[in-house]
Amino acid sequence: MSNLFHRTAARTAAGLACLLLLTACGGVGGDDDAVNDSDGEVASLTTPATNGGAASASADPDAGRPRIRLDSTNEETNRMYDAWLSCLKDHGAAEKYKRKPNDPAVLACRTKEPLSPPELDPAKNPDYSDDVREMVKCMKGHGIKALVHEGSWALETGDELNRPHYDEYEIDCQVKAFGGHK
């Protein structure tokens, strides 16, 4: 019995840690003009140099960074973050949550840091508040206890992460709620 409790507690803690990571990463900057086409590449325009030199790609600091999609699975998202964290480790970054933006390892790995979907950024999505309410409604429709919390959505308890098919429901609802405007 105690072993079952510890496994359940460990799963809940792991799930909450993932949720906190994704919530903390939500709304990370991006490029409004970047559009993912069907082959997963980001459209980019070249701009002629003003000094008569050769045309070059935009100086966008987010250019080339991997983009998490609304329908990305946890495995896909984890692979993106694993590649970034591996790069940080390879470049000598300290293993801690907060890193300094000008840390050499952070700068060296900037192009590997995943970008959140722009639809999940309130500054880029004019329908964000409505989408949050739709997300909560959809999750509740699947029997998941969710609520609007501080301008975003949240689970009523961490136990909701352990419900069967939770990951599938979350992705399905995210696509329906945040991706239905285009």
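If you use mature numbering (1 follows the signal peptide of the UniProt record, and there is no 0), the sequence shown corresponds to residues -30 to -1, 1 to 152, in order.
Positions of the beta carbon are idealized from the N, C-alpha and C atoms, including for glycine.
Just so we're clear, the structure is a prediction, and the values are computed from it rather than from any experiment.
Alpha helix (DSSP H) segment containing residue i, residue limits
{"i": "A147", "result": "Y136 to G149"}
{"i": "S99", "result": "Y98 to G111"}
{"i": "L58", "result": "N44 to D60"}
{"i": "L117", "result": "Premise fails: L117 lies in the beta strand (DSSP E), A116 to H119, not in any alpha helix (DSSP H)."}
{"i": "P71", "result": "Note, P71: premise wrong, no alpha helix (DSSP H); not H, not E."}
Where the beta strand (DSSP E) containing residue i begins and where it ends
{"i": "A29", "result": "No beta strand (DSSP E) holds A29; DSSP gives it neither H nor E."}
{"i": "L125", "result": "S122 to L125"}
{"i": "residue 168", "result": "Nothing can be reported for residue 168: it is not among the residues displayed for the chain, which extend from -30 to 152."}
Exposure of residue i, with buried meaning 16 or more beta-carbon neighbours within 10 Å
{"i": "A93", "result": "exposed"}
{"i": "I114", "result": "buried"}
{"i": "K70", "result": "exposed"}
{"i": "A147", "result": "buried"}
{"i": "E65", "result": "exposed"}
{"i": "T47", "result": "buried"}
{"i": "E130", "result": "buried"}
{"i": "P134", "result": "exposed"}
Best match in the options for proximity to residue i [C-alpha to C-alpha]
{"i": "C108", "options": "E140, K68 and T43", "result": "E140"}
{"i": "K110", "options": "A63, D142, P31 and L77", "result": "D142"}
{"i": "H61", "options": "L90, L77 and E130", "result": "L77"}
{"i": "Y51", "options": "R80, A124 and H135", "result": "R80"}
{"i": "R39", "options": "P88, N95, H112 and P96", "result": "P88"}
{"i": "K82", "options": "S56, S42 and N95", "result": "S56"}
{"i": "D97", "options": "P31, S42, E120 and G149", "result": "G149"}
{"i": "H112", "options": "E120, A29, L125 and G34", "result": "L125"}
Anticipated Cβ contact below 8 Å, residue i with residue j, distance rounded
{"i": "W54", "j": "P84", "result": "6 Å"}
{"i": "S86", "j": "V102", "result": "Actually they are not in contact, since the Cβ atoms of S86 and V102 sit about 15 Å apart, beyond 8 Å."}
{"i": "L90", "j": "V106", "result": "Actually they do not touch by this definition, with Cβ atoms about 14 Å apart."}
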